[in-house]
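Mapped onto the numbering used here, the consecutive letters of the sequence shown carry residue numbers 734 to 1088. Ideal placement from N, C-alpha and C gives every residue a C-beta, glycine not left out.
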Amino acid sequence: MTLPTQQSAQTLLDNMHSAMLVINSKLSIEYMNPSAEMMFQISFAQAKSRPIQDLVIAEPEFISRITSSLQTQHPFSAYEDDLLVRTGQTLALDYMASPIDYENCDQCLLLEFVSRGRQRKMSHEEHLLNQNEASRSLLRGLAHEIKNPLGGIRGAAQLLERSLNTEQDREFTQVIIREADRLKQLVDRMLGPRDIPNKNQLNIHQVLEHVRSLVRVEAKQVNFIADYDPSLPEIYGDESMLIQAVLNITRNAIKEVADDGEITFRTRPIRHYTIGHNTYPLVAKIDVIDNGPGIPEELKENLFLPMVTGHAEGTGLGLSIAQTLINQHHGLIEFTSTPGHTVFTLLLPLNTSSE
Ligand SMILES: Nc1ncnc2c1ncn2[C@@H]1O[C@H](COP(=O)(O)OP(=O)(O)O)[C@@H](O)[C@H]1O
Ligand SMILES: [Mg+2]
């Protein structure tokens, strides 16, 4: 076995995903790797010899833990701790501290930070994707089971109608036929989009403007704001599917906002972004923001499931269908909601025309 040379040890440290820092007994920074530079948004040159409290700020418990680890020379670990860092962000971190000898300081502490936020986000996204797939296949099975006998009932009612003589009697068969048709429509909606996407290069802003022109007629009093990033490249997608997805989300927002409501369409590119298990070089982020009362707390967990609705007359299909349509573009819909500020975010990978 050969030990790594100093240079290859450096290469290992430079390429690690965890943020690594070495601090001395006065809590000043002796070393940090590039991941730590990224996490704390500061270069090693700038951070060198500065106290750790400049990076992890206002966290007395964290400081007392590392101080006692330095004194006792005992390592320790903490999991899922929320730490306020110099960028003003609170990061959910796992961190480990190990006393080490490092260069010319013989009582140093190696600190290793791993971001939990990323892991949490990944499992949340996976949950959204799986949940949608499972519920849709359940619904599809159920819908087919209803549709077949429904055709039989409707046909039989039509045959029966022929042998009825009075208008009064025919009214009853008409009820059967009408209700069967209504049920078939509902079931067709439950089945959701079945078409294979017909994808072309298209400008997402045209999609948004199209939706805006449709809903402006329905909600004249709502103030629509467009905040577009014109540098966003074209998307390879099915225009009518994307229109339907944005429309479902926008119609929900219209229903919730008051008369002086405000709905904003915002677009931004994000570089190097992971959706599910795939990382894409460029992703379009499309936000639909409204200032309505927000999503009821009890709906949040299962919002994208079919039949989950906050309205007596609702079907709860709008968001489930929108999620399916965006999944067919390898994308994802997420949301955050507090009273007065609800954001539905469509994430759509770009540059996927080679598929
Ligand atoms: N922008 C929003 N603000 C507040 N609640 C919302 C918003 N969008 C969706 N919701 C809630 O999510 C529910 C589900 O929406 P959806 O799947 O479209 O079904 P439906 O519109 O038929 O109820 C809505 O009934 C509503 O309670
Ligand atoms: Mg809806």
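Check                                                                                                                                                         : Outcome
Cβ atoms of residue 935 and residue 1094: under 9 Å apart, would you say?                                                                                     : There is simply no residue 1094 to check, as the chain begins at 734 and stops at 1088 in what is shown.
Measuring from the CB of residue 1077, is there a heavy atom of ligand 1 at a distance below 8 Å?                                                             : yes
Would you kindly work out how many angstroms separate the C-alpha atoms of residue 790 and residue 1027, rounded to a whole number?                           : 33 Å
Ligand 2 and residue 988: does the residue's C-beta get closer than 8 Å to at least one heavy atom of that ligand?                                            : yes
When you compare the segment 1010-1030 with the segment 1068-1082, are there three or more beta-carbon pairs, one atom per stretch, that lie closer than 8 Å? : yes
Can you tell me whether residue 1028 sits near ligand 1, meaning its C-beta is under 8 Å from at least one heavy atom of the ligand?                          : yes
Jot down the residue ranges of each uninterrupted alpha helix (DSSP H) in the segment 1003-1079, minimum 4 residues, whole runs only, in chain order.         : 1030-1033, 1051-1060
Which one or two residues does DSSP pair with residue 765 in a beta bridge?                                                                                   : 754
Give me the pocket residues for ligand 2, defined as CB within less than 6 Å of any heavy atom, sorted by chain position.                                     : 981, 984, 985, 1051
Per the contact definition of three or more C-beta pairs closer than 8 Å, is the segment 902-909 in contact with the segment 941-952?                         : no
Tell me which residue opens and which closes the beta strand (DSSP E) that residue 833 is part of.                                                            : 823-835
Going by DSSP in three states, residue 925 sits in which element: helix, strand or coil?                                                                      : coil
Would you say the segment 1040-1054 touches the segment 997-1007, given that touching needs at least three Cβ pairs under 8 Å?                                : no
In the DSSP assignment, find the unbroken alpha helix (DSSP H) run with residue 813 in it and report its ends.                                                : No alpha helix (DSSP H) holds residue 813; the beta strand (DSSP E) holding it covers 809-817.
Can you determine whether any heavy atom of ligand 1 sits closer than 8 Å to the C-beta of residue 1042, and answer yes or no?                                : yes
I'd like to know whether the C-beta atoms of residue 869 and residue 1053 end up nearer to each other than 9 Å.                                               : yes
Do the segment 754-767 and the segment 834-842 make contact, defined as three or more Cβ pairs closer than 8 Å?                                               : yes
Is residue 1139 near ligand 1, judged by its Cβ being under 8 Å from some heavy atom?                                                                         : Only positions 734 to 1088 of the chain appear in the structure, and residue 1139 is not among them; the question remains open.
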